[in-house]
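Peer 1: So that you can map any letter, position 16 of the sequence shown is 561 in my numbering, and since no number is skipped, the others follow by simple counting.
Ideal Cβ placement from N, Cα and C applies to all residues, glycine included.
Pasting a structure here, questions to come.
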Amino acid sequence: MATLKSFDDREFDAYVALPASGYGPGIVVLQEIFGVNEYMRTVCDWYAAHGFVAICPDLFWRQEPGIQLTDR
Numbered sequence: 546m547a548t549l550k551s552f553d554d555r556e557f558d559a560y561v562a563l564p565a566s567g568y569g570p571g572i573v574v575l576q577e578i579f580g581v582n583e584y585m586r587t588v589c590d591w592y593a594a595h596g597f598v599a600i601c602p603d604l605f606w607r608q609e610p611g612i613q614l615t616d617r
């Protein structure tokens, strides 16, 4: 996880996955309603394995920071 700053200088988390090279084209992965859960981290890891820098920001951080729900 990485910590980012919003325009109003507040901090929130984002999952970042890097390719083996440590750099590459970037992609923003938007979370589902379930938050930055295991599945979203797996999606980012898949893109990283294929050469992309993938970041999935916690979009619900103002209401429920760090929420991780499952569909089960």
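Give the secondary structure of V581 by DSSP, where H, G and I count as helix, E and B as strand, and everything else as coil.
Peer 2: Here residue 581 refers to the residue found at position 36 of the sequence shown. V581: coil per DSSP, three-state reduction.
Peer 1: Starting from G571, trace the beta strand (DSSP E) both ways and give me its first and last residue.
Peer 2: The residue labelled residue 571 in the question sits at position 26 within the sequence shown. Looking at the DSSP string, the run of the beta strand (DSSP E) that includes G571 is 571 to 573.
Peer 1: Take Y592 as the anchor and find which of F579, G571, E583 has the nearest alpha-carbon.
Peer 2: Start at 1 with the first residue of the sequence shown, and residue 592 comes out as number 47. Per the Cα distances, G571.
Peer 1: Could you tell me which residues DSSP pairs with P602 in its beta bridges?
Peer 2: On the sequence shown, position 57 is the one that residue 602 refers to. P602 pairs with A559.
Peer 1: Going by DSSP, what residues sit across from T548 in a beta bridge?
Peer 2: Counted from its first residue, the sequence shown places residue 548 at position 3. DSSP, once it has assigned bridges, lists D558 as partnering T548.
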